[in-house]
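Novice: Letter by letter, the first sequence follows residues 1 to 219 of the UniProt record's numbering. For every residue, glycine included, the Cβ atom is placed at its ideal position computed from N, Cα and C.
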Amino acid sequence: MQAQEIHAAIRTVKREIARWPDPVVGVVARQSGRDPFLVLISCLLSLRTKDKTTAEASERLFALAVTPATMQTLTIPIIERAIYPVGFYRTKAKQIQQICAQLLERYQGRVPDKIDELLTLPGVGRKTANLVVTVGYEKPGICVDIHVHRISNRWGYVKTKSPDETETALRAKLPRKYWITFNDLLVPYGQHLCQPVSPLCSQCKIAAYCDRVGVTKSR
DNA sequence: AAAACGGGGGC
DNA sequence: GCCCCAGTTTT
1 MQAQEIHAAI RTVKREIARW PDPVVGVVAR QSGRDPFLVL ISCLLSLRTK DKTTAEASER
61 LFALAVTPAT MQTLTIPIIE RAIYPVGFYR TKAKQIQQIC AQLLERYQGR VPDKIDELLT
121 LPGVGRKTAN LVVTVGYEKP GICVDIHVHR ISNRWGYVKT KSPDETETAL RAKLPRKYWI
181 TFNDLLVPYG QHLCQPVSPL CSQCKIAAYC DRVGVTKSR
């Protein structure tokens with residue numbers, strides 16, 4: 001994909017994803033008025049976990065508590081039962097308690113809006129931190145998850161080996177006006193059409209610009 | 001049986 | 001850089 005073709009590609013993806021349901025974090029953000037705390041927790045739950053599983057777990061957990069102060073009072077077994085069976089549910093239950101405690105202790109129960117501060121919280125890496133900044137606070141950031149990494153490379157827009165490298169490359173190349181929403185666009189596209197294995201290239205309206213890097217079989 | 005799931009942390 | 005975390009669904 002040529003640099004100038006990114007505009008048409010993004011426009012097309014934006015139109016196409018309207019056919020599919022929002023990813024969980026987007027739903028949580030919309031329903032809560034972009035509550036950064038709920039964005040943070042639902043993002044944590046989503047790591048290595050299918051969207052549908054994350055949605056059910058978030059619903060159960062948020063029925064019990066929606067603020068750091070109240071969520072901190074939940075016991076580990078209660079949290080584990082609520083979020084099961086998301087990936088690494090035991091680790092995440094502990095991290096949720098620790099996150100709540102640290103938010104109350106260090107930030108008066110508020111979620112930081114700076115990447116560096118978010119990265120000090122347990123279980124929060126670059127993907128989660130950038131998602132909180134972009135979705136929760138609508139501030140400039142590039143959230144690179146496995147979908148953004150895979151599709152950016154498949155298009156040939158960047159040539160990188162890891163999500164962290166992809167973030168660096170996109171910060172240098174992707175026009176700033178797309179930073180905040182790039183992840184929101186590519187995640188549903190990756191979930192429903194541009195999947196890891198046998199993507200639906202015959203239905204893809206940007207196949208003309210796509211280099212199909214790493215695509216061996218498609219449908 | 002293996003890959004995939006919107007990674008992160010400890011070493 | 002390598003390995004671990006963890007259970008469910010899809011191929």
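#1: With H, G and I counted as helix, E and B as strand and the rest as coil, what does DSSP make of SER198?
#2: Thinking C-beta only, is VAL86 closer than 8 Å to LEU40?
#3: Can you list, in chain order, the residues of its chain whose CB lies under 6 Å from that of GLN95, leaving out five sequence neighbours each side?
#4: Is it the case that the Cβ atoms of residue 221 and ASP184 are separated by a distance below 8 Å?
#5: Drop a sphere of 10 angstroms on the beta-carbon of PRO140, count the other beta-carbons inside from all chains shown, and report buried for 16 or more, exposed for fewer.
#6: CA-CA distance, THR216 and SER198?
#7: Using the rule of at least 16 other Cβ atoms within 10 Å of the residue's Cβ for burial, across every protein chain shown, is ILE76 buried or exposed?
#8: So what does DSSP say about SER32, is it helix, strand or coil?
#9: Distance check for TYR89 and GLU80, CA to CA, integer angstroms please.
#10: When DSSP labels each residue in this structure, what does ARG110 get in the three-state scheme?
#11: Pull up the distance between the alpha-carbon of SER202 and that of ALA9, whole angstroms please.
Specialist: Result, derived from the coordinates:
#1: In this structure, SER198 counts as coil in the three-state DSSP scheme.
#2: Contact: no.
#3: PRO122, GLY123
#4: Given a span of 1 to 219 for the chain in the structure shown, any question on residue 221 remains unanswerable.
#5: exposed
#6: 8 Å
#7: exposed
#8: helix
#9: 6 Å
#10: Here ARG110 sits in coil by DSSP.
#11: 16 Å
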